[in-house]
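From first to last, the protein sequence lines stand for chains A and B.
Per the numbering used here, residue 2 is the first one in the first sequence, and the count goes up by one each step.
Per the numbering used here, residue 1020 is the first one in the second sequence, and the count goes up by one each step.
What follows is a single structure, written as structure tokens, with notes after it.
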Amino acid sequence: MALVRLIGVSKTFRSMQGSDYVAVRDFALDIEAGEFFCLLGTSGCGKTTVLNIIAGFELATSGSVEIAGRAIESPGADRGVVFQSDDSLYPWLSALGNVEFGLRMRGLPRAERLEQAQRYLDLVGLAGQGHKHPAELSGGMKQRIQIARVLANEPQILLMDEPFAALDAHTRAAMQRELIKIWRTTGKTVLFITHDIEEAVILATRIGIMHAGPASKLKGIIDVTLSDGERDRTDDRFIAVYRQVHAMIRDEVAIAMQRAQ
Amino acid sequence: MKRSLARLGGYVIGFASLFALWHVASVYLLNSVLFPPPGRVVAKAIELAQDGTLWENARVSLERIGLGFLLGSLIGIPVGLAIGSFDIVRRILEPYTEFLRFIPATAMITVAVIWFGIGEGSKIFLIIYTTVFIVIISTAAGVSAVTPNKIRAARSLGAGRAQVFWYVAFPATVPYILTGMRLAMGNSFVTIIAAELVAANAGLGKMIWDARLYMLVDQIFVALLVLGLLGFTADRLFRWGIYAFAGRYSPVT
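Take a look at the structure:
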């Protein structure tokens, strides 16, 4: 059975003026345990809405949303969220303090949680930086803290909402490689939101492509069976997968552009 | 170390030039008994310090400020937190804060004296009054400035609602609280002197008022000098507090 299962999910937002906006309609998705699922879509297609519903930040207007067979009604420690913006970090706490935050909230003894937090700081490559505050760290390092903070809490799934979108190209590429390594080491299930085809092909084991919004749903799913060596933008098989994804999303981009005008 | 020395050096130069300018203006430009030079004021200050009147009056004023400011903050912080956290509380209390904060404490002096007498009661009431609204508004603004992602992150890390408040919303608000208190501290100095000028039996304001009656210009200037120094010291202590608690990350300075 799938770890996360969405069936017939719709989400309607009511605007200030009272008119309704349907972000997603009749959306269905299964995420299997251990997979790296990229949800790919144009801007405004509702992909963040889907993540927020799974995270429990927003409730679906209709449909069923389950993790491990239980309905999702609120945020919970079983679903760790990595945000695009580093404003989710706590600037008054050190990097280590941020990483151990969840364990502290859940009442783990101090020695135990510091040990565990340190282990995950090491894992994301911030071994000697634990005493620093977020303001003293670069954008890439701050995203590493976010990832370590979520991993230290040992959730069942990582929900990542365009976590590298605000980083420069070199840092982004480095973070993508790191994330694959971390995913492999920890065996966690990942749902990764992105609008970048290349990023999706580099990271994912499956890519779900969304229709342009509003009232969006999945257009199709592409399995990515590339080996590590092939996850390189110059590799022939990589380019083949890229083309396949591109062919599916191309029309949606055109529609989104048109609607934005 | 080097930076703090440079900063100290800057202060020394700043103060030295202030006193030099004062001296020049007093001795060479105006040359009037109504504007004594710093040397004479300091000599008078030493004299008043030796016979105890300066200490006594400064102590009385500082105690009033300290107590009123502390009580005002202790009332203002929780009220501000409640207003910032709950819409219903904001709606209920906004008429109070938005109405009363436009009535300056100095306008309330007469009422305070009628209600609480010319002793400590009226002074402490006025300092509380002048402190509480600024602290409330600043604290409430701090709570609403907490980014939603901070709250969401805490919730999905397993924090309950009470934990979100104590471990996220409150610490995120601390720089705003301190900034509000710092502004309130400045207001407290204004208010206490005004109150002591109008009706008091001791304090730096009373000292100025008494000196006026006997044309003791030097003594007036002693009180002004001490006020400036006390205010400056209090504000530095506050800035230091903000920096120590929050300076490393806070956009509020």
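By construction, the Cβ of each residue, glycine as well, lies at the ideal position given by its N, Cα and C atoms.
As the structure is a prediction and not an experimental result, all values here were calculated from the model.
What are the boundary residues of the alpha helix (DSSP H) that residue i is part of?
{"i": "S1207 of chain B", "result": "1189-1217"}
{"i": "K1021 of chain B", "result": "1021-1043"}
{"i": "L1093 of chain B", "result": "1072-1104"}
{"i": "F58 of chain A", "result": "No alpha helix (DSSP H) holds F58 of chain A; DSSP gives it neither H nor E."}
{"i": "L1256 of chain B", "result": "1236-1261"}
{"i": "M1226 of chain B", "result": "1223-1232"}
{"i": "I208 of chain A", "result": "Per DSSP, I208 of chain A belongs to no alpha helix (DSSP H); it is in the beta strand (DSSP E), 207-211."}
{"i": "L337 of chain A", "result": "Absent from the model: residue 337 of chain A. The displayed extent of chain A is 2 to 262, so no value can be given."}
{"i": "M106 of chain A", "result": "102-106"}
By the 10 Å Cβ neighbour count, where 16 or more other Cβ atoms means buried, how is residue i classified, buried or exposed?
{"i": "Q147 of chain A", "result": "buried"}
{"i": "V202 of chain A", "result": "buried"}
{"i": "W1259 of chain B", "result": "exposed"}
{"i": "R1171 of chain B", "result": "buried"}
{"i": "Y1021 of chain B", "result": "Correcting the residue type first, residue 1021 of chain B is Lys in the shown sequence and not Tyr. Its Cβ having fewer than 16 others within 10 Å, K1021 of chain B is exposed."}
{"i": "L1256 of chain B", "result": "exposed"}
{"i": "M1226 of chain B", "result": "buried"}
{"i": "T1332 of chain B", "result": "With chain B covering 1020 to 1272 only, the question about residue 1332 of chain B has no answer from this structure."}
{"i": "A56 of chain A", "result": "buried"}
{"i": "F239 of chain A", "result": "buried"}
{"i": "Q262 of chain A", "result": "exposed"}
{"i": "V1031 of chain B", "result": "exposed"}
{"i": "H171 of chain A", "result": "exposed"}
{"i": "V1043 of chain B", "result": "exposed"}
{"i": "F1105 of chain B", "result": "exposed"}
What residue does the beta strand (DSSP E) around residue i start on, and which one ends it?
{"i": "D27 of chain A", "result": "21-32"}
{"i": "S63 of chain A", "result": "63-68"}
{"i": "G9 of chain A", "result": "5-15"}
{"i": "V191 of chain A", "result": "190-195"}
{"i": "R80 of chain A", "result": "80-83"}
{"i": "I73 of chain A", "result": "Run containing I73 of chain A: none; DSSP gives neither H nor E here."}
{"i": "K220 of chain A", "result": "219-224"}
{"i": "R173 of chain A", "result": "Note, R173 of chain A: premise wrong, no beta strand (DSSP E); alpha helix (DSSP H) at 170-187."}
{"i": "M258 of chain A", "result": "Premise fails: M258 of chain A lies in the alpha helix (DSSP H), 237-261, not in any beta strand (DSSP E)."}
{"i": "L159 of chain A", "result": "158-162"}
Give the residues of chain B in contact with residue i, contact being defined as C-beta atoms less than 7 Å apart.
{"i": "A56 of chain A", "result": "S1175"}
{"i": "F102 of chain A", "result": "L1176"}
{"i": "W184 of chain A", "result": "By Cβ distance, chain B contributes nothing, its closest Cβ being about 19 Å from W184 of chain A, past 7 Å."}
Anything in chain B within Cβ reach of residue i, meaning under 8 Å, just list it in chain order.
{"i": "F84 of chain A", "result": "N1168, R1171, A1172"}
{"i": "S89 of chain A", "result": "T1166, N1168, K1169, R1171, A1172"}
{"i": "R80 of chain A", "result": "S1175"}
What does residue i touch in chain B if you count any residue whose Cβ is under 9 Å from its own?
{"i": "G77 of chain A", "result": "R1174, S1175, G1177"}
Within 9 Å of any Cβ in chain D, is that where the Cβ of residue i sits?
{"i": "V151 of chain A", "result": "No chain D appears in this structure, whose protein chains are A and B."}
query = Looking at C-beta atoms only, is the number of pairs between the segment 207-214 of chain A and the segment 222-230 of chain A that lie closer than 8 Å three or more?
reply = yes
ask   = Any chance the segment 137-150 of chain A sits against the segment 105-113 of chain A, with 3 or more Cβ pairs inside 8 Å?
value = no
message = Does the contact criterion of 3 or more C-beta pairs under 8 Å hold for the segment 1215-1229 of chain B versus the segment 1064-1078 of chain B?
response = yes
Chain-ordered residues of the segment 1180-1196 of chain B with a beta carbon less than 8 Å from chain A = Taking 8 Å as the Cβ-Cβ cut-off against chain A, the residues of the segment 1180-1196 of chain B that qualify are Q1182, Y1186, V1187, P1190, A1191, V1193.
Near-chain A residues of the segment 1226-1258 of chain B (beta-carbon distance less than 9 Å), N- to C-terminal order = Going along the segment 1226-1258 of chain B in chain order, one finds no residue with a Cβ nearer than 9 Å to chain A.
task = Flag this pair as touching only if the segment 1052-1063 of chain B and the segment 1235-1254 of chain B have three or more C-beta atom pairs under 8 Å; answer yes or no.
result = yes
message = Would you call the segment 1157-1172 of chain B in contact with the segment 1094-1102 of chain B, where contact means no fewer than 3 C-beta pairs closer than 8 Å?
response = Judged by Cβ distances under 8 Å, the segment 1157-1172 of chain B makes contact with the segment 1094-1102 of chain B, as three or more pairs qualify.
ask   = According to a CB-to-CB cut-off of less than 9 Å, which residues of the segment 100-132 of chain A neighbour chain B?
value = F102, G103, L104, R105, M106, R107
ask   = Between the segment 1107-1124 of chain B and the segment 1190-1202 of chain B, are three or more C-beta pairs nearer than 8 Å?
value = no
inquiry  = Taking contact to mean 3 or more Cβ pairs, one atom from each stretch, closer than 8 Å, check whether the segment 117-127 of chain A and the segment 1180-1189 of chain B are in contact.
reply    = no
ask   = Touching or not, the segment 57-72 of chain A and the segment 3-11 of chain A, by the rule of three or more beta carbon pairs under 8 Å?
value = Judged by pairs of C-beta atoms under 8 Å, the segment 57-72 of chain A touches the segment 3-11 of chain A, as three or more such pairs exist.
query = Does the count of Cβ pairs from the segment 1132-1149 of chain B and the segment 1081-1090 of chain B closer than 8 Å reach three?
reply = yes
query = Between the segment 77-93 of chain A and the segment 155-173 of chain A, do three or more beta carbon pairs fall short of 8 Å?
reply = yes
message = Counting beta carbon pairs with one atom in the segment 192-200 of chain A and one in the segment 46-55 of chain A, are three or more of them shorter than 8 Å?
response = Flag = yes, the segment 46-55 of chain A and the segment 192-200 of chain A touch.
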